[in-house]
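The sequence shown begins at 1 in UniProt numbering and counts up one residue at a time.
Where a beta carbon is used, it is the ideal one built from N, C-alpha and C, also for glycine.
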Amino acid sequence: MKKLYIKTFGCQMNENDAERVYLLLKDNFKPVDNPEEADLILINTCSVREKPEHKLYSEIGRYKELKLRRPEIIIGAMGCVAQQEGERLFERFPYLDLVLGTQGFYRIREALEELIKTGKPVAYTELKEDFKIPLVLPEDNSKKMKPKRVKAYISIMQGCDNFCTYCIVPYVRGREISRPPEEILKEAEELVKKEGVKEITLLGQNVNSYGLKESGYPDFADLLVMLFQIEGLFRIRFTTSHPKDLSEKLMRVIAENPKVCKHIHLPLQAGSNKILKRMNRKYTKEEYLEKVEKLRSLCPEIAITSDIIVGFPGESEEDFLETLDMLEKVRFHEVFSFKYSDRPFTSARKFEDKVSEEIKEARLKKVHEVQARITEEIYGSYVGKEVEVLVEGKSERDPQKLTGRTTTNVVVNFTAPRTGLEGALVKVLITEAGKHSLKGEYKKTLVF
Ligand code: SAH
Ligand code: SF4
Ligand code: F3S
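Structure, rendered in structure tokens:
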């Protein structure tokens with residue numbers, strides 16, 4: 001068996017793609033944690049902001065020395081920067097052997113054969129609108145003694161049609177394509193049956209628009225209902241939801257079915273209508289608040305998280321204060337905030353009224369401050385309550401403890417009478433709230 005090392009940057013879609021590469025190569029390669037040992041190294045790249053893109057260039061640079069020492073090693077780039085830069089990466093890094101785009105990576109076996117046959121670097125970076133996402137089924141681990149996986153991702157769609165003016169994703173992931181529902185169901189069933197998976201997270205840039213472009217496909221709410229039927233699956237999560245497409249039908253499915261986790265990632269991006277319009281988000285802050293209110297009236301326990309961009313071109317101090325005001329009004333469980341960054345291909349990069357780095361930095365700090373307080377208050381309100389936790393394993397920081405998440409996606413570290421509870425749904429009494437997680441005591445096992 002040859003050895004494969006994949007270093008993944010970026011979002012969960014990239015993590016899921018890395019998993020797919022492992023599965024596509026599983027007959028000849030086994031995964032290793034140390035690139036020094038590997039025969040094939042893949043760097044799975046992200047270009048959503050400038051910083052991760054730069055990080056990645058230094059990552060590729062790290063392998064130069066390895067390649068000089070062991071020229072037989074194969075080094076490749078995949079993911080969004082591979083898609084964005086294509087063959088240009090070979091000029092910058094002459095020791096790269098493969099460049100595989102966000103659709104091209106499915107042809108990894110063919111790419112390796114071509115490389116070996118021709119001895120020349122190979123790039124597959126075509127982005128087709130009618131691309132059919134191949135079905136890659138999980139490995140059958142049911143007869144092995146190896147620890148089972150508690151959680152898994154399934155990409156239910158690829159690409160994005162929304163063209164928010166700051167965002168590179170539609171250019172590097174292509175047009176939105178939904179996978180056939182029966183393939184998603186099959187993949188989910190196999191993950192549960194063969195790998196013992198208890199929680200599945202459905203992935204898409206905008207899961208709310210799943211199936212809408214296809215005739216005869218269920219919509220996202222109906223897809224969730226289809227997946228509930230899988231026996232042995234305890235929990236379903238999904239990300240990301242675009243506020244403009246969040247329907248009341250979906251809100252009801254979330255509220256009414258115990259298998260759907262009570263958490264929604266609903267990126268607001270900005271609080272000022274002027275900025276939202278310039279971002280091409282297609283909703284106003286009033287519409288956003290209305291949806292949040294409706295959602296909470298149907299499902300009071302739901303946790304809402306968000307992404308915020310500060311310093312979008314033209315964002316004045318008043319506009320920014322409206323973002324802070326929205327944080328106070330909505331009270332998100334957690335917020336991921338970013339400084340606006342110019343990206344290739346996007347229309348915002350041509351906007352002239354850019355905000356200075358200094359102001360962006362100060363605004364980011366302010367968002368962190370305000371949100372840290374809100375998160376602390378919300379986490380504090382869990383103390384004294386009993387919550388359901390899906391046990392993921394031992395806590396990394398304190399191996400004496402177990403770790404898992406609430407249905408609202410908050411990490412809980414807790415003491416338990418024994419180990420071996422991985423994959424169980426347990427009741428935990430919350431005793432203490434930290435900044436990023438909760439602490440608790442095991443009460444009882446609900447389902448195993
Ligand atoms: N599809 C998802 C998110 C995709 S990218 C959605 O629509 O919400 C993840 C996050 O990165 C975005 O929500 C946004 O907050 C941030 N982001 C994307 N492009 C950016 C840019 N050019 N500068 C700063 N942040 C950006
Ligand atoms: Fe980017 Fe907007 Fe699509 Fe999200 S919805 S991936 S932010 S273009
Ligand atoms: Fe990054 Fe591509 Fe995901 S740009 S955030 S890896 S879709």
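Taken in chain order, the complete beta strand (DSSP E) segments of 3 residues or longer contained in the segment 193-251 are 199-203 and 235-239. Of the residues assessed, Met1 falls on the exposed side of the cut-off, its CB having fewer than 16 other CB atoms within 10 angstroms. At least one heavy atom of the ligand F3S falls within 7 Å of the beta-carbon of Arg173.
In the three-state DSSP reduction, Asn273 falls in the helix class (H, G or I).
DSSP links Phe336 through a beta bridge to Asp307. For His265, the enclosing beta strand (DSSP E) begins and ends at His263 to His265.
A heavy atom of the ligand F3S is found nearer than 7 Å to the CB of Ile168. A distance below 6 Å between beta-carbons, with the five flanking residues on each side excluded, links Phe320 to the following residues of its chain, in chain order: Arg363. A residue is called buried once 16 or more other Cβ atoms fall within 10 Å of its Cβ, and Pro417, having fewer, is exposed. Bounds of any alpha helix (DSSP H) do not take in Arg397, whose DSSP letter is neither H nor E. As a beta-bridge residue in DSSP terms, Ser155 pairs with Leu203.
In the DSSP assignment, Val426 falls within the unbroken beta strand (DSSP E) covering Leu425 to Ala433. Annotated as proximal: Thr375 and Glu334, with beta-carbon spacing under 8 Å. Distance between Glu139 and Lys26, taken at the CA atoms: about 9 Å. Sorting Leu324, Lys385 and Pro35 by C-alpha distance to the C-alpha of Leu4 places Pro35 at the top. Inclusion of Gly101 and Gln83 in the CB contact set at 8 Å is warranted, their separation being smaller than that value.
Within 7 Å of the C-beta of Arg49 there is at least one heavy atom belonging to the ligand SAH. Three or more pairs of CB atoms, one per stretch, sit closer than 8 Å, so the segment 242-251 contacts the segment 272-284. Three or more beta-carbon pairs drawn from the segment 379-390 and the segment 411-430 are found closer than 8 Å, and the two stretches are therefore classed as touching. In the structure shown, Leu324 adopts helical secondary structure according to DSSP, grouped into three states. Inclusion of Asn14 in the 7 Å shell around the ligand F3S follows from its C-beta lying nearer than that to a non-hydrogen atom of the ligand.
Of the other Cβ atoms in all chains shown, fewer than 16 fall within 10 Å of the Cβ of Thr445; this residue is therefore exposed. The closest CA to that of Glu87, considering only Tyr63, Lys67, Arg109 and Pro121, is found on Pro121. Taking Lys128 as the centre and dropping the five residues before and after it, the same chain places the C-beta of Gln103 closer than 7 Å to its C-beta, in chain order. Inclusion of Thr240 in the 7 Å shell around the ligand SAH follows from its C-beta lying nearer than that to a non-hydrogen atom of the ligand. When the Cα atoms are used, Leu68 and Phe90 turn out to be separated by approximately 16 Å. Under a 10 Å Cβ-count criterion, Leu135 is classified as exposed, with fewer than 16 other Cβ atoms of the shown protein chains found around its own Cβ. A straight-line Cα-Cα distance of about 45 Å links Ser306 and Pro71. Given a length threshold of 4 residues, each whole run of the alpha helix (DSSP H) inside the segment 17-66 is given here in chain order: 50-62.
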